[in-house]
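Protein chains in written order, with the working numbering: chain A, 2 to 166; chain B, 22 to 560.
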């Protein structure tokens with residue numbers, strides 16, 4: 002299952018960055034109830050929600066920057082700091098935990114050489130832990146760039162990581 | 022899906038096999054063919070649950086009669102007497118009073134067959150979820166067509182009479198909620214489908230949405246017509262990309278067909294539905310947090326009362342129902358309240374969709390009548406334990422309960438579970454064997470609550486953090502007996518003083534642990550060992 006999060010991300014340094022943010026707002030709406038959808042699209046397009054983006058959204062919608070930041074930091078899918086090229090979300094909930102999640106997590110930390118919340122030195126992976134992803138029938142589960150990988154073991158892990166360059 | 026008249030369960034664990042259960046199973050199949058009962062009777066194997074003396078044990082539902090030991094040569098007689106002529110074959114019945122005590126759970130089970138009975142899942146996997154035509158040719162839309170012919174109050178009366186209770190976890194009577202929204206003053210009202218299914222282990226709503234998205238639209242139309250609302254939202258969790266796509270397509274197709282918008286199918290009724298995709302926050306499944314989130318704010322629950330039925334989305338009366346609850350509406354309207362009441366138990370009619378997970382041979386989804394037991398679920402649907410013996414089950418994700426093995430014969434319905442101090446939750450059945458440590462599992466649950474606490478109110482924000490610290494200390498061999506008193510105090514404090522349902526139930530795993538597994542916890546503290554060998558104990 003490929004999805005929009007996998008399309009080429011653009012950088013906030015790009016000359017069209019502000020234009021891109023404005024387009025997203027134009028497509029989605031300026032009202033407060035559109036805010037979460039706007040932030041999600043910005044995060045998908047740029048990889049995270051930067052200060053520049055918050056300021057621009059605030060200008061376009063008349064919602065204060067403080068409020069936008071407060072909403073963004075509440076939700077897991079609205080990151081406000083830069084992440085690696087690929088984001089690994091490891092399910093740490095009980096259903097995965099009891100069917101081998103505990104061992105898988107140790108293997109993951111070993112193979113990546115990072116702890117939860119950190120990005121590898123080459124900027125390739127950011128490792129995050131998350132609550133249930135809702136695909137518990139194939140636990141233990143992790144998601145890389147929103148693609149779900151299930152029924153994992155320490156052995157199959159390396160093979161899957163290798164797919165993400 | 023086939024509906025059977027009788028169900029035969031044959032024990033065929035290792036011990037029964039050694040006494041010839043395989044031949045008994047074969048003989049049953051042959052006899053059922055001989056008497057031409059194949060369409061009415063289903064034969065299933067279950068793990069051993071009686072003493073060796075009475076194996077192979079045969080249980081026949083719906084009469085819940087136990088026969089044993091049943092030999093190959095008895096089978097023909099048994100089938101002809103019980104299943105063909107309808108008389109209990111007294112001569113083969115388990116008679117030993119001691120054995121009867123062991124299987125006394127059977128006596129409470131008369132009437133309800135543990136067979137799958139698909140009401141909500143009936144067309145899931147049968148119809149093409151992208152095709153409105155396929156939906157319409159499978160009775161889709163019939164319930165709505167019947168509903169708009171009725172007075173709105175009549176619809177609410179049917180739902181009330183059916184006894185349907187909310188399937189999101191709390192079990193609130195659905196008809197009463199609908200009535201409250203209908204009676205609330207105001208012209209503008211909303212219908213919300215709560216598809217922010219985030220309880221760990223629960224994914225039933227995802228399967229329903231992905232498999233039959235049009236049924237949600239139909240149910241919301243009926244709810245809108247009954248409650249006097251003209252606008253609805255489906256709040257779908259951000260992780261469910263596939264379900265989001267299916268429901269968005271379904272809405273588009275329904276709009277083109279004229280099933281949404283102004284003057285729907287020339288009935289004069291107006292209704293439209295929007296989709297709101299969540300952004301990753303467990304708490305947004307709480308109904309008032311969900312409202313805040315749709316309004317574009319942080320998903321922090323509101324104080325209740327006022328309830329959403331009077332002051333909901335943008336201050337207007339709002340009906341919020343879970344996906345599975347709504348999934349029951351079209352079948353009830355279509356078949357009537359009495360038909361619905363005929364399934365399940367008197368206090369919890371109907372079926373329940375469960376996800377079965379963990380250390381069992383077969384994981385997945387099933388829909389069974391309310392009131393079947395965990396023992397049956399593990400035996401019939403989980404195909405027995407994959408490893409070890411059954412130690413406890415975790416229901417309904419994290420705000421469910423920990424059900425110890427001693428309660429596995431309690432009928433699974435809202436009231437029976439409440440009576441023994443546990444909760445049915447939202448439909449996850451995480452089955453854990455004896456290689457799992459209770460301290461480790463409760464630590465993981467508390468970590469979940471700590472991460473997902475929204476931080477608005479103090480008891481939950483601080484309580485979950487402190488409980489996690491203590492559980493970590495115990496698992497690392499630093500626990501003290503004072504810690505247990507503190508845990509009790511924290512659990513009680515969170516339950517009494519938290520603002521929302523998440524905080525109020527965050528302490529329940531601790532309470533269940535101390536009620537049922539205290540010895541195992543104290544072994545960590547007093548002896549410095551983890552009996553299951555899971556916790557690090559500081560090494």
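We put the CB at the ideal spot given by N, CA and C, even for glycine.
In whole angstroms, give me the CA-to-CA distance for residue i and residue j.
i	j	result
residue 468 of chain B	residue 486 of chain B	8 angstroms
residue 217 of chain B	residue 314 of chain B	11 angstroms
residue 264 of chain B	residue 224 of chain B	11 angstroms
residue 512 of chain B	residue 463 of chain B	12 angstroms
residue 68 of chain A	residue 298 of chain B	20 angstroms
residue 275 of chain B	residue 281 of chain B	6 angstroms
residue 116 of chain A	residue 110 of chain A	6 angstroms
residue 379 of chain B	residue 407 of chain B	9 angstroms
residue 397 of chain B	residue 135 of chain B	7 angstroms
residue 547 of chain B	residue 45 of chain A	51 angstroms
residue 505 of chain B	residue 483 of chain B	17 angstroms
residue 70 of chain A	residue 25 of chain B	57 angstroms
residue 6 of chain A	residue 146 of chain A	Confidence at residue 6 of chain A is low in this model, with a pLDDT of 46, below 50, so its placement is unreliable and the value that follows should be read with caution. Whole-angstrom Cα-Cα distance: 7 angstroms.
residue 205 of chain B	residue 34 of chain B	57 angstroms
residue 36 of chain B	residue 138 of chain B	31 angstroms
Looking at the secondary structure, which residues open and close the alpha helix (DSSP H) in which residue i lies?
i	result
residue 92 of chain A	Segment 87–92 is the beta strand (DSSP E) holding residue 92 of chain A; no alpha helix (DSSP H) there.
residue 454 of chain B	Not the alpha helix (DSSP H): residue 454 of chain B falls in the beta strand (DSSP E), residues 449–454.
residue 230 of chain B	225–232
residue 481 of chain B	479–496
residue 346 of chain B	344–356
If residue i sits next to residue j, beta carbons under 8 angstroms apart, how far is it from one beta carbon to the other, in whole angstroms?
i	j	result
residue 423 of chain B	residue 492 of chain B	So it is not a contact: roughly 13 angstroms between Cβ atoms.
residue 92 of chain A	residue 127 of chain A	16 angstroms between Cβ atoms; not a contact.
residue 178 of chain A	residue 141 of chain A	This structure gives no information on residue 178 of chain A, because the portion of chain A shown stretches from 2 to 166.
residue 417 of chain B	residue 190 of chain B	5 angstroms
residue 233 of chain B	residue 145 of chain B	5 angstroms
residue 95 of chain A	residue 465 of chain B	5 angstroms
residue 457 of chain B	residue 412 of chain B	6 angstroms
residue 78 of chain A	residue 300 of chain B	4 angstroms
residue 185 of chain B	residue 435 of chain B	About 12 angstroms; that fails the 8 angstroms criterion.
residue 27 of chain A	residue 73 of chain A	No, residue 27 of chain A and residue 73 of chain A are not in contact; Cβ-Cβ is about 20 angstroms, not under 8 angstroms.
Assign residue i to one of three DSSP states: helix, strand, or coil.
i	result
residue 129 of chain A	strand
residue 248 of chain B	helix
residue 298 of chain B	strand
residue 461 of chain B	helix
residue 382 of chain B	coil
residue 92 of chain B	coil
residue 389 of chain B	strand
residue 103 of chain A	helix
residue 542 of chain B	helix
residue 195 of chain B	helix
residue 3 of chain A	In this prediction, residue 3 of chain A has a pLDDT of 40, which is less than 50 and means its spatial position is unreliable; what the coordinates show is noted afterwards. Coil.
residue 558 of chain B	coil
residue 432 of chain B	coil
residue 137 of chain A	helix
residue 143 of chain A	strand
At least one CB of chain A closer than 8 angstroms to the CB of residue i: is that the case?
i	result
residue 554 of chain B	no
residue 557 of chain B	no
residue 22 of chain B	Only weak support is given to the placement of residue 22 of chain B: the predicted model assigns it a pLDDT of 47, under 50, and the value that follows is read from those uncertain coordinates. Output row for residue 22 of chain B: interface = no.
residue 560 of chain B	no
residue 209 of chain B	no
residue 261 of chain B	yes
residue 344 of chain B	no
residue 183 of chain B	no
residue 376 of chain B	yes
Taking only beta-carbon atoms, is residue i less than 8 angstroms away from chain B?
i	result
residue 37 of chain A	yes
residue 41 of chain A	yes
residue 150 of chain A	no
residue 55 of chain A	no
residue 142 of chain A	no
residue 28 of chain A	no
residue 104 of chain A	no
residue 134 of chain A	yes
residue 79 of chain A	yes
Where do the N-terminal and C-terminal ends of the beta strand (DSSP E) with residue i fall, by residue?
i	result
residue 88 of chain B	86–88
residue 31 of chain B	27–32
residue 66 of chain B	62–67
residue 415 of chain B	411–416
residue 148 of chain A	148–150
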